[in-house]
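Student: If you count the sequence shown from 1, position 28 lands on 28 in this note's numbering, and the numbers rise without skipping.
This is the structure I have questions about; it appears just below.
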Amino acid sequence: MLFASFDLVSALATLAACLVSLTLLLAVSQQLWQLRWAATRDKTCKLPIPKGSMGFPLIGETFHWLLQTARKHLKLVLLPSAASSPGELVAGAAGGLDTWRSPVFSKIFSHEALESYLPKIQLVIKDTLRAWSSNPESINVYHETQKLTFRMAIRVLLGFRIPDEELNRLFEVYQQFVENVFSLPVDLPFSGYRRGIRARETLQKGLEKAIQEKLQNTQGKDYADALDILIESGKEHGKELTMQELKDGTLELIFAAYATTASASTSLIMQLLKHPRVLEKLREELRSKGILHNGCICEGSLRLDNINSLYYLDCVIKEVLRLFTPISGGYRTVLQTFELDGFQIPKGWSVMYSIRDTHDTAPVFKDVDVFDPDRFGQGRTEDKDGRFHYLPFGGGVRTCLGKHLAKLFLKALAIELASTSRFELATRTFPKVTLVPVVHPVDGLKVKFFGLDSNQNEILTETDAMLGATV
1 MLFASFDLVS
11 ALATLAACLV
21 SLTLLLAVSQ
31 QLWQLRWAAT
41 RDKTCKLPIP
51 KGSMGFPLIG
61 ETFHWLLQTA
71 RKHLKLVLLP
81 SAASSPGELV
91 AGAAGGLDTW
101 RSPVFSKIFS
111 HEALESYLPK
121 IQLVIKDTLR
131 AWSSNPESIN
141 VYHETQKLTF
151 RMAIRVLLGF
161 RIPDEELNRL
171 FEVYQQFVEN
181 VFSLPVDLPF
191 SGYRRGIRAR
201 ETLQKGLEKA
211 IQEKLQNTQG
221 KDYADALDIL
231 IESGKEHGKE
241 LTMQELKDGT
251 LELIFAAYAT
261 TASASTSLIM
271 QLLKHPRVLE
281 KLREELRSKG
291 ILHNGCICEG
301 SLRLDNINSL
311 YYLDCVIKEV
321 LRLFTPISGG
331 YRTVLQTFEL
341 DGFQIPKGWS
351 VMYSIRDTHD
361 TAPVFKDVDV
371 FDPDRFGQGR
381 TEDKDGRFHY
391 LPFGGGVRTC
401 LGKHLAKLFL
411 KALAIELAST
421 SRFELATRTF
431 PKVTLVPVVH
441 PVDGLKVKFF
451 GLDSNQNEIL
461 TETDAMLGAT
471 V
């Protein structure tokens, strides 16, 4: 009995010691956190740093003040770096591309490059929709659009001639890499971080093989893809890219073209399902422009200038990106101390801006929760009243370089959907949408696709045709 009492007292004492230690650790951490931020104060500026105890990251009083204030003054957060008045925020992305790579990426997504990518993008989309329509079961749209955007990046952007079986294997490996890319950096067996490392190593081996084959076989190319431009631009700057740099650049391009485009593609399909009148209005525009005739896309009609002239299609894509922006926001590093609501935001601080909050709270948008492509129409000015109310691709000099490719892909997909497919929801109700890690339906969106003939009639599968003939 005595020993049992002693064990209980010992356990309680140990617990008390742990609680005291934890309390002291939290108190010291808070003091160090306060000291760290107080030390960053710009002493040449008389304004105080934001009020509050600073607290801890993400839960402190100052954090919430900054979040609320940023919602009111987002346009300050995104002023371009060309601004020179001392009170303005001059911001740039932390890290960033090498000085020679930024113009290279601009060339990769130039008008001329997009013009050369377009026929290949159209072929990839056509083949994919044909496969979806031939499937007797419903498909998981989010998963399939991920495969579609991965295939587009591999086949079109990078020009790799990888067999379908190897491409599917690389896609599975890439998915495993993406799923673990934001894991805690704890390198232990069976951890997500370790799985991500292994997936990356496997992926890079596959990419190295594809790059070597591409470098050895340059015949039959009718356009310069992104990897060609990257290699040639390196030579122009006196820099022969190593295999590791080529693999890293390739992986960066795939990553940029993958998740967000798949998210937006899924949102596009879901909204066309929800709003059949929008789909029919798209078809009417395609007919009026001579692109869609007797249920078929007229040969040679899908040129970049023709697509850019489709005003209502542009409104639809804009509204999808407004209501279902794939990513929540971004970060900028303060390069020059500026004032915000009577407080200084010192040079060196990181500022987070929220794209979704901006779209949800911007006063220029009426009925913000309603899918209404006409809000971007010529008779309304909701996207013109203010510079930074609509920013699905960010804003300022650090806006997304690939935004024109992303919009072109979405427009090409919408054209094919409106012209050559009929599709319907395979579940009773539409799924809920989650925002993490990017916007997507919780069940992936189950949809049944049907092919159409030239008269917009459903193409029967071989089995259905045989049964019909028998009857």
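Note that the Cβ used here is the ideal one computed from N, Cα and C, for glycine as well.
#1: Can L35 and F343 be called in contact, C-beta distance under 7 Å?
#2: Closer than 8 Å is the cut-off here; do at least three beta carbon pairs connect the region 242 to 257 with the region 141 to 160?
#3: State buried or exposed for Q212, treating a residue as buried only when at least 16 other CB atoms are found within 10 Å of its CB.
#4: By Cβ distance, which residues of its chain are closer than 6 Å to A17, with the 5 residues on each side in sequence left out?
#5: Out of N217, A224 and T250, point me to the one whose CA is closest to K205's CA.
#6: Identify whether E201 lies in helix, strand or coil by the three-state DSSP scheme.
#7: Per the DSSP calculation, G451 is bridged to which residue(s)?
#8: CB V364 to CB E382, shorter than 7 Å?
#9: May I have the straight-line CA-CA distance separating A210 from R161, to the nearest angstrom?
#10: How should M270 be labelled, buried or exposed, when 16 other C-beta atoms within 10 angstroms of its C-beta is the threshold for buried?
#11: How far does the alpha helix (DSSP H) with F343 in it extend, from its first residue to its last?
#12: Alpha carbon to alpha carbon, how far is G196 from V433? Give it in angstroms, no decimals.
#13: Nearest CA to the CA of D443: which residue from L268, F430 and A262?
#14: Who are the Cβ neighbours of S138 in its own chain at under 7 Å, not counting the five residues just before and after it?
#15: What does DSSP give as the partner residue(s) for I211 in the beta ladder?
#16: Quick one: grab the DSSP three-state call for K247.
#17: Helix, strand or coil for V173, going by three-state DSSP, please let me know.
#18: Along the chain, where does the beta strand (DSSP E) that runs through G330 open and close?
#19: Using C-beta distances below 8 Å, list every residue in its chain close to V124, excluding the 5 sequence neighbours before and after it, in chain order.
#20: Can you give me the C-alpha to C-alpha distance between L167 and L207, rounded to a whole angstrom?
#21: What is the DSSP secondary structure of N308, counted as helix, strand or coil?
#22: Buried or exposed for K247, please, with buried defined as at least 16 other CB atoms from any protein chain shown within 10 angstroms of its CB.
#23: With contact counted as at least three CB pairs below 8 Å, one residue from each stretch, are the region 226 to 245 and the region 162 to 181 in contact?
#24: Hey, out of E319, S288 and E179, whose CA is closest to A199's CA?
#25: Select from K43, R422, H440 and D164 the residue whose C-alpha is nearest the C-alpha of L273.
#26: Just reading off the beta strand (DSSP E) that Y117 is part of, what are its end residues?
Tutor: Once the coordinates are examined:
#1: Contact flag unset, no.
#2: The count of Cβ pairs closer than 8 Å, one atom from the region 242 to 257 and one from the region 141 to 160, reaches three, so the stretches are in contact.
#3: Exposed, because fewer than 16 other Cβ atoms sit within 10 Å of the Cβ of Q212.
#4: Same-chain partners within the cutoff: there are none.
#5: Nearest of N217, A224 and T250 to K205, Cα basis: T250.
#6: Helix.
#7: DSSP lists S421 as partners of G451.
#8: Taking 7 Å as the Cβ cut-off, V364 and E382 qualify as a contacting pair.
#9: Answer to the nearest angstrom: the Cα atoms are 8 Å apart.
#10: Per the 10 Å Cβ criterion, buried.
#11: In the DSSP assignment, F343 falls outside any alpha helix (DSSP H) and lies within the beta strand (DSSP E) extending over F343 to I345.
#12: For the pair V433 and G196, the Cα-to-Cα distance works out to about 26 Å.
#13: Minimum Cα distance to D443 is reached at F430.
#14: A426, K446, V447 and K448.
#15: Looking at the DSSP assignment, I211 forms no beta bridge with any residue, so it has no partner.
#16: In the structure shown, K247 adopts helical secondary structure according to DSSP, grouped into three states.
#17: Here V173 sits in helix by DSSP.
#18: Per DSSP, G330 belongs to the beta strand (DSSP E) from G329 to V334.
#19: Counting only residues of its own chain and dropping the five nearest sequence neighbours on each side, V124 has a CB closer than 8 Å to the CB of L148, R151, M152, R155 and V156.
#20: In this structure, the straight-line span from the alpha carbon of L167 to that of L207 is close to 11 Å.
#21: In the structure shown, N308 falls within a helical segment according to DSSP collapsed to helix, strand and coil.
#22: A residue is called buried once 16 or more other Cβ atoms fall within 10 Å of its Cβ, and K247 is buried on that count.
#23: Two segments are said to touch when three or more pairs of C-beta atoms, one from each, lie closer than 8 Å; by this definition the region 226 to 245 does not touch the region 162 to 181.
#24: Looking from the CA of A199, the closest CA among E319, S288 and E179 belongs to E179.
#25: Nearest option by C-alpha distance: R422.
#26: From DSSP, Y117 is part of no beta strand (DSSP E) but of the alpha helix (DSSP H) over H111 to S134.
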